[in-house]
Amino acid sequence: MKTRDKILESAQRLFSEEGFEKISTKRLATEAGCNEVTIFRLFGTKNGILEEIINRFVEESRIIKILHESLTGHLEDDIAKSILLYQSFLQQHESIFRLQLKLSDSDNQKFLRTIDFKNYLVDHFIEVFYINKINYSSEVFVNNMLSSIMGGFLLRILTKGRFSNEREEYFLNEKISFYQKTIKQYQNY
């Protein structure tokens with residue numbers, strides 16, 4: 002593994018576990034097995050490391066492409082696929098979300114990247130709702146659905162994993178069923 006990658010891997014782990022502000026470049030160099038000068042030569046500053054971690058995360062998360070390939074236009078299937086894909090995305094990138102939770106507000110705003118997942122789903126469900134004669138705002142529906150998933154994800158992070166995988170799977174299946182049934186109440190025949 003290249004030195005640059007070792008530094009980024011160590012930084013992502015340390016920043017997400019202890020917070021960006023608490024980790025010195027000296028400690029990071031020790032963890033990555035290099036000297037501090039190498040960090041400054043490769044990244045300029047500690048903020049440069051953080052920015053590269055987040056940029057790599059955005060590049061690696063091809064969530065919109067996967068979403069585009071997964072959705073079929075079938076109301077119930079698309080609800081389930083959206084929920085499962087978002088949950089999977091959160092779990093795969095947990096360390097990035099932990100890192101963002103530990104950043105101060107000013108750093109978080111500076112480095113926060115917007116993923117167009119929500120906007121893509123809103124646009125998709127506008128069409129699906131129209132075809133299925135659903136009289137409900139797709140934006141409200143998607144916001145509620147994603148907030149519910151994110152809330153469960155954050156609860157697991159903040160309670161340090163006290164929910165077992167069985168319970169998580171149960172709650173996820175219940176959310177899918179809930180949103181599938183709820184939206185049908187707004188169907189006009």
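So the sequence shown is numbered by the working numbering: it starts at 2 and just counts up by one.
Note that CB positions come from ideal geometry on N, CA and C, so glycine has one too.
Asked                                                                                                                                                                               : Found
Just curious, the alpha helix (DSSP H) that residue 146 is in, first and last residue?                                                                                              : 139–159
Since residue 135 sits in a beta bridge, which residues does DSSP pair it with?                                                                                                     : 188
Between which two residues does the alpha helix (DSSP H) holding residue 8 run?                                                                                                     : 4–19
Roughly how far, in whole angstroms, is the beta-carbon of residue 54 from the beta-carbon of residue 12, given that I think they are within contact range, below 8 Å?              : 6 Å
Could you check where the alpha helix (DSSP H) with residue 23 kicks off and where it finishes?                                                                                     : It is not in any alpha helix (DSSP H) - residue 23 carries neither H nor E in the DSSP assignment.
Taking all protein chains shown into account, do 16 or more other C-beta atoms lie within 10 angstroms of the C-beta of residue 176, making it buried, or fewer, making it exposed? : buried
Hey, how far is the Cα of residue 114 from the Cα of residue 97?                                                                                                                    : With a pLDDT of 43 at residue 114, under the threshold of 50, the modelled position of that residue is not reliable, and no figure is offered here.
Going by alpha carbons, who is nearest to residue 149 out of 87, 168, 161 and 48?                                                                                                   : 87
Would you tell me roughly how many angstroms separate the C-alpha atoms of residue 68 and residue 172, rounded to the nearest one?                                                  : 22 Å
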